[in-house]
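Chemist: Just so we're aligned, residue 14 is where the sequence shown starts under the numbering used here, counting upward by one. Here a beta-carbon is modelled for each residue, glycine too, at the ideal position from N, C-alpha and C. Right, I'll just put the structure down here and ask away after.
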Amino acid sequence: MKITVIGAGNMGSAFVTQLTRAGHQVSVTARDGAKAARVAAAHPGARAVPPEGAAAGADAVILATGYADAVAALQAVGDLQGRVVIDITNPLTADFMGLTLGHTSSAAEEIAKAVPGVQLVKAFNTVFAQVLAEGADFGNGQKVSVFVASDSEPARQTASAIAESMGFAVIDAGGLKNARYLEPLAGLNIYLGYGAGLGTAIAPTWIRKA
Ligand SMILES: NC(=O)c1ccc[n+]([C@@H]2O[C@H](COP(=O)([O-])OP(=O)(O)OC[C@H]3O[C@@H](n4cnc5c(N)ncnc54)[C@H](OP(=O)(O)O)[C@@H]3O)[C@@H](O)[C@H]2O)c1
Numbered sequence: 014m015k016i017t018v019i020g021a022g023n024m025g026s027a028f029v030t031q032l033t034r035a036g037h038q039v040s041v042t043a044r045d046g047a048k049a050a051r052v053a054a055a056h057p058g059a060r061a062v063p064p065e066g067a068a069a070g071a072d073a074v075i076l077a078t079g080y081a082d083a084v085a086a087l088q089a090v091g092d093l094q095g096r097v098v099i100d101i102t103n104p105l106t107a108d109f110m111g112l113t114l115g116h117t118s119s120a121a122e123e124i125a126k127a128v129p130g131v132q133l134v135k136a137f138n139t140v141f142a143q144v145l146a147e148g149a150d151f152g153n154g155q156k157v158s159v160f161v162a163s164d165s166e167p168a169r170q171t172a173s174a175i176a177e178s179m180g181f182a183v184i185d186a187g188g189l190k191n192a193r194y195l196e197p198l199a200g201l202n203i204y205l206g207y208g209a210g211l212g213t214a215i216a217p218t219w220i221r222k223a
């Protein structure tokens with residue numbers, strides 16, 4: 014697929030690593046063009062592009078900025094009408110130990126409202142950057158899960174296909190409203206990783222009795 018990654022930080026660069034490894038055509042854009050260029054240079058198969066027009070022709074756009082920058086970052090790439098946008102953000106407080114919204118809305122729903130016309134899907138927000146960078150196979154037959162929530166069927170399918178192409182197990186988490194559950198789940202993951210000291214080589218999953 015043709016995939017545009019917005020943001021060249023911890024998650025953006027890890028996406029570029031795994032997406033190029035999976036054989037996708039990857040464009041990466043960032044506020045700081047030099048940062049995007051450095052990430053692209055380290056990954057054959059990736060190219061750095063300026064924000065304006067960065068999503069043209071893309072099968073999917075991965076939004077890998079902080080939540081506070083999300084809407085501005087999407088607006089900076091220009092026309093996104095009908096485009097699949099994968100929202101990985103968590104609306105974290107400054108100390109990373111709480112969420113700035115929830116219960117009656119979610120980061121995903123707020124972004125969808127602010128950028129109408131995109132096919133928004135929540136995914137990957139419970140996957141630590143270390144886990145994304147190192148890969149989905151935890152050994153012993155354990156695969157990291159990606160929870161996918163969207164009101165758009167094409168967006169759900171695209172995000173699921175991308176996750177599977179990188180080796181993740183996909184859990185269909187229903188409509189976009191369920192981002193209200195997925196964002197606190199990421200909050201618990203952050204608490205366990207940093208607050209409880211388990212480190213960032215952990216990931217939540219769901220199990221079902223055979
Ligand atoms: N880190 C994790 O383990 C993890 C796990 C799951 C989900 N997430 C979520 O993923 C998102 C990214 O996290 P991160 O750790 O990768 O953060 P990060 O390292 O701070 O990277 C964010 C990137 O977004 C860029 N950016 C900001 N505004 C932009 C704009 N208008 N256009 C293009 N790029 C812009 C920043 O550029 P500058 O350098 O110029 O500021 C920076 O490169 C967050 O919403 C976070 O909650 C993170």
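#1: Give me whichever residues DSSP pairs with Val98 in a beta bridge.
#2: Hey, how far is the Cα of Gly148 from the Cα of Gly25?
#3: Exposed or buried, Met179, counting other C-beta atoms within 10 Å across all chains shown (16 or more means buried)?
#4: Roughly how far, in whole angstroms, is the beta-carbon of Thr33 from the beta-carbon of Pro57, given that I think they are within contact range, below 8 Å?
#5: Do Ala81 and Thr139 have their beta-carbon atoms positioned less than 8 Å apart in this structure?
#6: Using a threshold of 7 Å, is the CB atom of Pro57 nearer than that to any non-hydrogen atom of ligand 1?
#7: Do you know offhand how far Leu105's Cα is from Asn153's?
#8: Taking the alpha helix (DSSP H) that Phe28 belongs to, which residues open and close that run?
#9: Smallest Cα separation from Ala162: which of Ala59, Gln155 and Ala172?
#10: Look at the Cβ atom of Ala125, then the Cβ atom of Val157, and state whether they are nearer than 8 Å.
#11: Taking just the CA atoms, how far does Thr117 sit from Thr229?
#12: Taking buried to mean at least 16 other C-beta atoms within 10 Å of its own C-beta, is Ile220 buried or exposed?
#13: Assuming Ile16 and Ala73 form a contact by the criterion Cβ under 8 Å, report the distance between their Cβ atoms to the nearest whole angstrom.
#14: Could you spell out the range, first to last residue, of the alpha helix (DSSP H) harbouring Asp92?
#15: Comparing C-alpha positions only, which one of Ile75, Glu65, Leu201 and Lys48 sits nearest to Gln38?
#16: Is Met24 a contact residue of ligand 1, with contact defined as CB to any heavy atom under 7 Å?
#17: Is Ala89 near ligand 1, in the sense that its beta carbon is under 7 Å from a heavy atom of that ligand?
#18: Exposed or buried, what is Glu196 when buried is set at 16 or more other beta-carbons lying within 10 Å of its beta-carbon?
#19: For Lys222, name the three-state secondary structure that DSSP assigns.
Modeler: A quick look at the data gives this:
#1: Val74 and Leu133
#2: 14 Å
#3: buried
#4: 7 Å
#5: no
#6: no
#7: 32 Å
#8: Asn23 to Arg34
#9: Ala172
#10: no
#11: No answer is possible for residue 229: it lies beyond the span of the chain, which begins at 14 and ends at 223.
#12: exposed
#13: 5 Å
#14: Counting along the chain, Asp92 falls outside any alpha helix (DSSP H), and DSSP gives it neither H nor E.
#15: Ile75
#16: yes
#17: yes
#18: buried
#19: coil
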